[in-house]
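Residue numbers for the sequence shown follow the numbering used here, beginning at 54 and rising by one. Have a look at the structure below before the remarks.
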Amino acid sequence: LELILFPIFSHSADVLEAYIKTDGAWIVKLPKSQYTAKTVEDCAVKCNKETSFTCRSFLYHEKDQDCVTLPANSKTDLILRRMNVALYEKKEYLLECVNGIGMDYRGTKSKAKSGKTCQRWEGTFPHVPKGLDKNYCRNPDNERSPWCYTTDPETRWEYCICCNDCIEFLLTDGENYRGKISTTASGFTCQRWDSQKPQNHGYIPSALPDKYLEENYCRNPDGEPKPWCFTTSPSKRWESCNIPRCTTEPPTIVPELTCANGEGSSYRGTIAVTVSGKTCQEWSSQIPHKHSKTSENYPCKGLDKNYCRNPDNERSPWCYTTDPETRWEYCSVPSCGDQLRPEEPVIPVGEECYEGDGSSYRGAMSETVSGKKCQFWTSMEPHRHSKTPQNFPKADLRRNLCRNPDGDRAPWCYTTDPSVRWEYCNIERCDNKPNTQEPPINPTKLVPTDTSEETDCKVGNGASYQGPTSNTITGVTCQAWSSMTPHQHASFTPETHPDKGLESNQCRNPDNDVNGPWCYTTDRNKKWDYCQIPDCDGLKCGQPAVKPKRCFGRIVGGCISKAHSWPWQISLRTRSKIHFCGGTLIDAQWVLTAAHCLERSESPSAYKIVLGIHTERATEASKQERDVSKIIKGPAGTDIALLKLDRPALLNDKVMPACLPETDYIVPSNTECYVTGWGETQGTGGEGFLKETGFPVIENKVCNSASFLNGRVKEHEMCAGNIGGGTDSCQGDSGGPLVCYSQNTFVLQGVTSWGLGCANAMKPGVYTRVSKFVNWIERSMKEN
Numbered sequence: 054l055e056l057i058l059f060p061i062f063s064h065s066a067d068v069l070e071a072y073i074k075t076d077g078a079w080i081v082k083l084p085k086s087q088y089t090a091k092t093v094e095d096c097a098v099k100c101n102k103e104t105s106f107t108c109r110s111f112l113y114h115e116k117d118q119d120c121v122t123l124p125a126n127s128k129t130d131l132i133l134r135r136m137n138v139a140l141y142e143k144k145e146y147l148l149e150c151v152n153g154i155g156m157d158y159r160g161t162k163s164k165a166k167s168g169k170t171c172q173r174w175e176g177t178f179p180h181v182p183k184g185l186d187k188n189y190c191r192n193p194d195n196e197r198s199p200w201c202y203t204t205d206p207e208t209r210w211e212y213c214i215c216c217n218d219c220i221e222f223l224l225t226d227g228e229n230y231r232g233k234i235s236t237t238a239s240g241f242t243c244q245r246w247d248s249q250k251p252q253n254h255g256y257i258p259s260a261l262p263d264k265y266l267e268e269n270y271c272r273n274p275d276g277e278p279k280p281w282c283f284t285t286s287p288s289k290r291w292e293s294c295n296i297p298r299c300t301t302e303p304p305t306i307v308p309e310l311t312c313a314n315g316e317g318s319s320y321r322g323t324i325a326v327t328v329s330g331k332t333c334q335e336w337s338s339q340i341p342h343k344h345s346k347t348s349e350n351y352p353c354k355g356l357d358k359n360y361c362r363n364p365d366n367e368r369s370p371w372c373y374t375t376d377p378e379t380r381w382e383y384c385s386v387p388s389c390g391d392q393l394r395p396e397e398p399v400i401p402v403g404e405e406c407y408e409g410d411g412s413s414y415r416g417a418m419s420e421t422v423s424g425k426k427c428q429f430w431t432s433m434e435p436h437r438h439s440k441t442p443q444n445f446p447k448a449d450l451r452r453n454l455c456r457n458p459d460g461d462r463a464p465w466c467y468t469t470d471p472s473v474r475w476e477y478c479n480i481e482r483c484d485n486k487p488n489t490q491e492p493p494i495n496p497t498k499l500v501p502t503d504t505s506e507e508t509d510c511k512v513g514n515g516a517s518y519q520g521p522t523s524n525t526i527t528g529v530t531c532q533a534w535s536s537m538t539p540h541q542h543a544s545f546t547p548e549t550h551p552d553k554g555l556e557s558n559q560c561r562n563p564d565n566d567v568n569g570p571w572c573y574t575t576d577r578n579k580k581w582d583y584c585q586i587p588d589c590d591g592l593k594c595g596q597p598a599v600k601p602k603r604c605f606g607r608i609v610g611g612c613i614s615k616a617h618s619w620p621w622q623i624s625l626r627t628r629s630k631i632h633f634c635g636g637t638l639i640d641a642q643w644v645l646t647a648a649h650c651l652e653r654s655e656s657p658s659a660y661k662i663v664l665g666i667h668t669e670r671a672t673e674a675s676k677q678e679r680d681v682s683k684i685i686k687g688p689a690g691t692d693i694a695l696l697k698l699d700r701p702a703l704l705n706d707k708v709m710p711a712c713l714p715e716t717d718y719i720v721p722s723n724t725e726c727y728v729t730g731w732g733e734t735q736g737t738g739g740e741g742f743l744k745e746t747g748f749p750v751i752e753n754k755v756c757n758s759a760s761f762l763n764g765r766v767k768e769h770e771m772c773a774g775n776i777g778g779g780t781d782s783c784q785g786d787s788g789g790p791l792v793c794y795s796q797n798t799f800v801l802q803g804v805t806s807w808g809l810g811c812a813n814a815m816k817p818g819v820y821t822r823v824s825k826f827v828n829w830i831e832r833s834m835k836e837n
């Protein structure tokens, strides 16, 4: 018999506080119990009162009101993908740390302190059990810590070591630390992660849900030797926290001796030369390069001799070099099997739409329909899965790009949000693309709204849709929301959702379903289905009519953009029409650029603006030329300026503005952003055509470290680039846009400002942070 060690909860919303919810997750497990439950709270009560087994989780399908209770959870069984289902797991069975003496410990550790395997509690050999759960460490009798009987006949029982507020060895830099220490080693109080005062930063909890940036607790989102935090002291930006290491033995890994899987964190081979042929510096040495990547700080990362390793979650194994002029470089460690090399910087550009079910899609989208960032296919955090490049070698599972490896109905990905396992991606089917021969869109319609009966279309996922459509995607008539025939339901009625337009049988989206409006059907064999509601089209800032390649190539390297796919890009020219800088259209009559581009003259008459072009020669029929009527430079010490056109530009599908960001918004670390320009290509081809590159934002804390730009980056600036080099903006791109993609929109986050050379390793580009100047921009445009 199993002892049920959890309390019986009352039937209220509080019952869900004991659970963690994950959307789109499904466990196939026997035994199980299946019930009909009107609400998710009802289902939680069923789990809490389960007598057939110890209920560790339950599945709930809201539209079907289907409740399945299970003895399993994500720590014990494989999680699968399934639409419109939510997995609720009891928190107590997910924790691996103890409170006090661990009477309530419900984790899955099953080894004693000496490493001996624990005996199953219900077993009879070699020791008489006490009747507990599997062979997990427990403390049923008020001992000083969890313990277990062992499978060694010579050792009856032994204590287990379960961590509390310490760093587990599994990730020795404390990346998985989830404790509540919130004071630094010097005694500074930690700043809340969701605050931007007094320290501005890019580690934003809502954008990095997989980093568990809770409250003001010490965490390690960026591969430091230990957890750290920003401090509440204006004089100390950040500091490490004094968190001890757990006393458990390091885990045993299966070493990869001749090749590397994924990012190569398990590589233990003997390659000790970098990609350029430089000899690696020994990890134990501080000459010629001082560093913190020592075996003492990273005891489980195999930092032996001078062998290439990956202790800090880089994209592939690397090492410090013995060349004083080159601090570190990646190594040429071959990839295992058919997997594509993770360090490959250029991703072939596929269609911006997908054919059929999208199995052949090879584009660069890495964002879901609800705007969530995709998890890397090689990663098991935050979601464990089997869709890896090794298991699906022909599916092109690169980076975190949307793909369809298993024949689903459209490209999808696992998300970086721990509460949402997976979603379909924000990609259109090719046969659903708009007809380019239709009349041009009204250029004044910059922000569409739901227009209900007039146009019968939806915006986004149609949460506010109030149109007349009352048939499903297959043509079946919808059941009235107030009716219980032919399908009984209680979750979505005019009474439960009085503001959702459920008065008749029209398609609606009362539960904010990411796939759009739906309804219960009059088909007895199909309880509910989605409706086919078209999107409301319109010309909007940051949403080009021609979708960009979103190329992960390089400006210095030759990735030519699709014509007119970045319609806010302008060419700043001399009176003799020679291009020398870029800029961004942010309004029909205003361009944003870098102040240093205007050093040659203070007179507006010295400059011309060219819009609507793809080639530097500017021979396109879509070209628009404007004179500059006013120059407004930003505050002293900043590299930003506004140019007023002598007359407004004609907005169309080839000339349209980029969106401005929210005031003081900080772009989260590792956000993929894009730079465009006609600048210097250093002989790599593509000269004369607008070029593009995509690379991640680098948090200022990292960018200002000694290895990178050594404190040169100011608070009103931001960094972006690949730390290995090879991808960057360059001369002639100055003043141009750095745009970041979010919620189906490109937002202007940076103005190309400066850098140490072009595309050099460890020297990312620096951009003026536009969000710090939004109030100045709006005020300047209004007053001038």
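Using N, Cα and C, we set each Cβ at its ideal position, and we do this for glycine too.
Assigned secondary structure, residue i (DSSP; H/G/I helix, E/B strand, else coil)
i, result
"Ala616", "coil"
"Trp731", "coil"
"Lys835", "helix"
"Cys427", "strand"
"Glu70", "helix"
"His649", "helix"
"Tyr146", "helix"
"Ile340", "coil"
"Val681", "strand"
"Trp829", "helix"
"Pro790", "strand"
"Asp263", "helix"
"Val512", "coil"
"Cys483", "helix"
"Ala165", "coil"
"Lys661", "strand"
"Val473", "strand"
"Cys243", "strand"
"Lys553", "coil"
"Cys604", "coil"
"Cys190", "coil"
"Cys294", "coil"
Enclosing beta strand (DSSP E) for residue i [first to last residue]
i, result
"Val567", "Segment: none, Val567 is in no beta strand (DSSP E) and carries neither H nor E."
"Val750", "Lys744 to Ile751"
"Arg822", "Gly818 to Arg822"
"Leu454", "Segment: none, Leu454 is in no beta strand (DSSP E) and carries neither H nor E."
"Lys697", "Ala694 to Leu698"
"Tyr583", "Trp581 to Tyr583"
"Val800", "Thr798 to Trp807"
"Thr204", "Thr204 -> no beta strand (DSSP E), and no H or E assigned at all."
Sequence-distant residues of its chain with Cβ nearer than 6 Å to residue i (five each side left out)
i, result
"Arg290", "Gln252"
"Arg159", "Glu145 and Tyr146"
"Arg191", "Leu185 and Pro199"
Residue i beta carbon near the ligand NAP (any heavy atom closer than 8 Å)
i, result
"Leu131", "Within the structure as shown, the ligand NAP is missing, as the structure has no ligands at all."
Chain-order list of residues whose beta-carbon lies under 7 Å from that of residue i (same chain, five-residue window excluded)
i, result
"Asp130", "Ile80 and Lys82"
"Asp76", "Ala139, Ser472, Val473 and Arg474"
"Lys630", "Lys661"
Residues of its chain near residue i, where Cβ-Cβ distance is below 8 Å and the 5 sequence neighbours each way are ignored
i, result
"Pro341", "Gln334, Thr375, Asp376 and Pro377"
"Trp47", "Outside the modelled stretch of the chain, which goes from 54 to 837, sits residue 47, for which no answer is possible."
"Tyr212", "Ala165, Lys166, Glu196, Arg197, Ser198, Pro199 and Trp200"
Quick one: complete beta strand (DSSP E) runs, 3+ long, within the stretch 72–128?
Annotation: the stretch 72–128 contains the following complete segments of the beta strand (DSSP E) (minimum length 3 residues), in chain order: 72–79, 86–89, 110–114 and 119–123.
contact_flag[the stretch 686–703, the stretch 630–641] where n(CB pairs < 8 Å) is 3 or more:
Contact between the stretch 686–703 and the stretch 630–641 is present: three or more C-beta pairs spanning the two stretches fall below 8 Å.
Okay, do the stretch 160–174 and the stretch 472–480 touch, 3+ Cβ pairs below 8 Å being the bar?
No contact exists between the stretch 160–174 and the stretch 472–480.
Given 8 Å as the limit, is there contact between the stretch 577–587 and the stretch 619–629, that is, 3 or more CB pairs closer than that?
By the criterion of at least three beta-carbon pairs nearer than 8 Å, the stretch 577–587 is not in contact with the stretch 619–629.
So does the stretch 425–437 actually touch the stretch 451–469, counting three or more Cβ pairs closer than 8 Å?
Yes: at least three Cβ pairs fall under 8 Å.
Under 8 Å: do the stretch 197–217 and the stretch 247–266 share three or more Cβ pairs, one atom per stretch?
The answer is no - the stretch 247–266 does not touch the stretch 197–217, with fewer than three Cβ pairs under 8 Å.
Touching or not, the stretch 613–623 and the stretch 684–692, by the rule of three or more beta carbon pairs under 8 Å?
No: fewer than three Cβ pairs fall under 8 Å.
Are the stretch 255–274 and the stretch 455–462 touching by the rule of at least three beta carbon pairs closer than 8 Å?
Short answer: they don't touch.
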